[in-house]
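Note that full-length UniProt numbering gives residue 230 to position 230 of the sequence shown, counting from 1, and the numbers run on in steps of one.
Ideal Cβ positions, reconstructed from N, Cα and C, are used throughout, including at glycine.
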Amino acid sequence: MKAQRTIPVLLALCRKMEKYCPNAWLINFTNPAGIVTEAIAKYSPIKSLGICSGANSMMRDIASVYGVEREEVYARFIGLNHLIFADRITVNGEDVTRHFIEQLAQGVGSHTLKNVPNLGLPAEFIRALKLYPLSYLKYFYMSREVVEHEISELQRSGTRGEQSLSIEKSLFELYRNPDLCEKPAELSARGGALYSDTACSIISSIYNNKKELHVVNVPNMGTTPDLPDDAVIETNAMIDSLGAQPIGVWSATNGYQRADSGV
């Protein structure tokens with residue numbers, strides 16, 4: 001339903017871009033990022049990339065476990081938007097995949113986005129999966145527990161929409177003050193952090209031809225044989241003045257294939 005509301009708005013924006021700035025890039029934040037980006041790729045000539053803060057949050061979590069900077073971490077991601085796994089993790093070039101997954105199984109570095117219930121996946125499941133899953137995967141792997149948690153949240157503090165409206169009301173009151181010069185705490189209350197950092201970094205990499213590595217949503221185009229070429233995947237890519245060049249060819253593991261098929 002979210003896609004049905006969002007896609008017409010984005011395609012209308014693309015039509016305006018086709019008229020006024022046909023060579024500009026569209027960096028898409030809107031959810032569901034993969035589906036929206038795929039619609040743009042199929043129905044508009046506008047150059048676009050989809051972004052999500054999930055992969056960056058996961059790499060920051062890895063960095064915190066090893067006491068290093070985010071830039072010292074590399075994680076190879078496979079999957080679709082909100083359905084990604086890291087299947088290889090390095091810190092300063094050293095492969096720490098097995099060690100980190102064991103840490104994850106023990107509850108160390110258990111990454112959870114702020115808008116996702118903080119429910120840990122079972123240790124035996126993490127060890128069997130042998131992958132680092134985005135916290136949104138709890139909705140797939142722990143659907144019963146998540147529903148129970150959401151019902152409890154509903155009774156205690158209302159729906160997510162009601163919570164967001166309350167936060168929005170507080171923000172608008174704060175923004176009435178022309179002397180406001182600090183970032184309101186309310187902006188961090190519902191997740192979505194790191195979008196601005198990710199977007200600005202990608203824009204800079206395109207404009208300045210930096211050839212930096214980022215995790216983006218782009219058409220598959222042979223990156224994985226497990227999905228159609230025109231399906232939009234979320235994966236590591238080199239970003240330069242031509243856009244995103246996905247790194248390597250990957251084939252989904254059994255754990256990912258089961259999740260992908262289920263969704």
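* Regarding PHE77 and the ligand HEM, is the C-beta to nearest heavy atom distance less than 8 Å? -> For the structure depicted, the ligand HEM is absent and the ligand set is empty, with no information on it obtainable.
* Asked: Going straight from the alpha carbon of THR224 to that of SER48, what length do you get?
  -> Rounded to the nearest angstrom, the two C-alpha atoms are 20 Å apart.
* Asked: Apart from the five residues on each side of it in sequence, which residues of its chain come closer than 8 Å, Cβ to Cβ, to ALA39?
  -> Cβ neighbours of ALA39 beyond the five flanking positions: ALA3, ILE7, LEU10, LEU11.
* Which of helix, strand or coil DSSP assigns to ARG176 -> Reduced to three states, the DSSP call for ARG176 is coil.
* Does the stretch 164-178 touch the stretch 203-220, meaning 3 or more C-beta pairs lie closer than 8 Å? -> With a cut-off of 8 Å, the stretch 164-178 and the stretch 203-220 do not count as touching, because too few Cβ pairs lie within range.
* Asked: Quick one: what's got a C-beta closer than 7 Å to ASN81's C-beta in the same chain, skipping five residues either side?
  -> Closer than 7 Å at Cβ, skipping near neighbours: PRO32, ALA33, GLY34, GLY50, CYS52, ASN217, GLU234.
* To do: Would you mind stating whether residue 264 and TYR136 have Cβ atoms separated by less than 9 Å?
  => In the structure as shown, the chain begins at 1 and stops at 263. Residue 264 is therefore absent and cannot be evaluated.
* Asked: Run through DSSP, which three-state label would GLU124 get?
  -> Helix at GLU124.
* Of the residues GLU124, CYS21, ASP229, ILE239, the one placed nearest GLN106, counting alpha carbons only -> When GLU124, CYS21, ASP229, ILE239 are compared, the shortest CA-CA separation from GLN106 is found for GLU124.
* According to DSSP, what are the bridge partners of ASN31? -> Beta-bridge annotation (DSSP): ASN31 is not paired with any residue.
* Asked: How big is the Cα-Cα spacing for MET221 and GLY67?
  -> Roughly 37 Å separates the two Cα atoms.
* On the premise that TRP250 lies in contact with ILE89, defined as a C-beta separation below 8 Å, what is that separation, rounded to the nearest angstrom? -> The Cβ separation is near 14 Å, so there is no contact.
* Specify the secondary structure class of ASP95 as computed by DSSP and reduced to three states. => In the three-state scheme derived from DSSP, where H, G and I count as helix and E and B as strand, ASP95 is classed as strand.
* In terms of alpha-carbon separation, which member of ALA41, GLU150, LYS19, TRP25 lies closest to ASP229? -> Answer by Cα proximity: ALA41.
* For THR224, the three-state DSSP class (helix, strand or coil) -> Residue state, collapsed to three classes: coil.
* Asked: With DSSP run on the structure shown, which of helix, strand or coil describes ILE40?
  -> Helix, per DSSP.
* Flag this pair as yes or no: are the beta carbons of TYR132 and MET17 separated by less than 9 Å? => Contact flag unset, no.
* Could you spell out where the alpha helix (DSSP H) holding ALA63 opens and where it closes? => Counting along the chain, the alpha helix (DSSP H) containing ALA63 begins and ends at 54-66.
* To do: Taking only the alpha-carbon atoms, compute the straight-line gap between ARG70 and ALA237 and give it to the nearest angstrom.
  => When rounded, the distance between both Cα atoms is 17 Å.
* For ALA189, name the three-state secondary structure that DSSP assigns. => Three-state DSSP puts ALA189 in coil, outside helix and strand.
* To do: Quick one: residues in its chain with C-beta nearer than 6 Å to the C-beta of THR97, no 5 flanking neighbours on either side, listed in chain order?
  => Leaving aside the five residues that flank THR97 on each side, the residues in its chain whose CB is nearer than 6 Å to its CB run, in chain order, ARG88, ILE89.
* For residue 269, which of helix, strand or coil comes out of DSSP? -> As shown, the chain starts at 1 and ends at 263. That puts residue 269 outside it, with no answer to give.
* Asked: In whole angstroms, what is the alpha-carbon distance linking TYR74 and LEU134?
  -> Near 15 Å, if we compare the C-alpha coordinates of LEU134 and TYR74.
* For the alpha helix (DSSP H) that contains GLN4, what are its first and last residues? -> Annotation for GLN4: the continuous alpha helix (DSSP H) segment containing it runs 2-20.
* **Contact under 9 Å by Cβ, SER170 with GLU186** => Contact: yes.
* PHE100 classed as buried or exposed, judged by whether at least 16 other C-beta atoms fall within 10 angstroms -> It counts as buried.
* Asked: Is it buried or exposed for ASP61, if we count other Cβ within 10 angstroms and need 16 for buried?
  -> Under this definition ASP61 is a buried residue.
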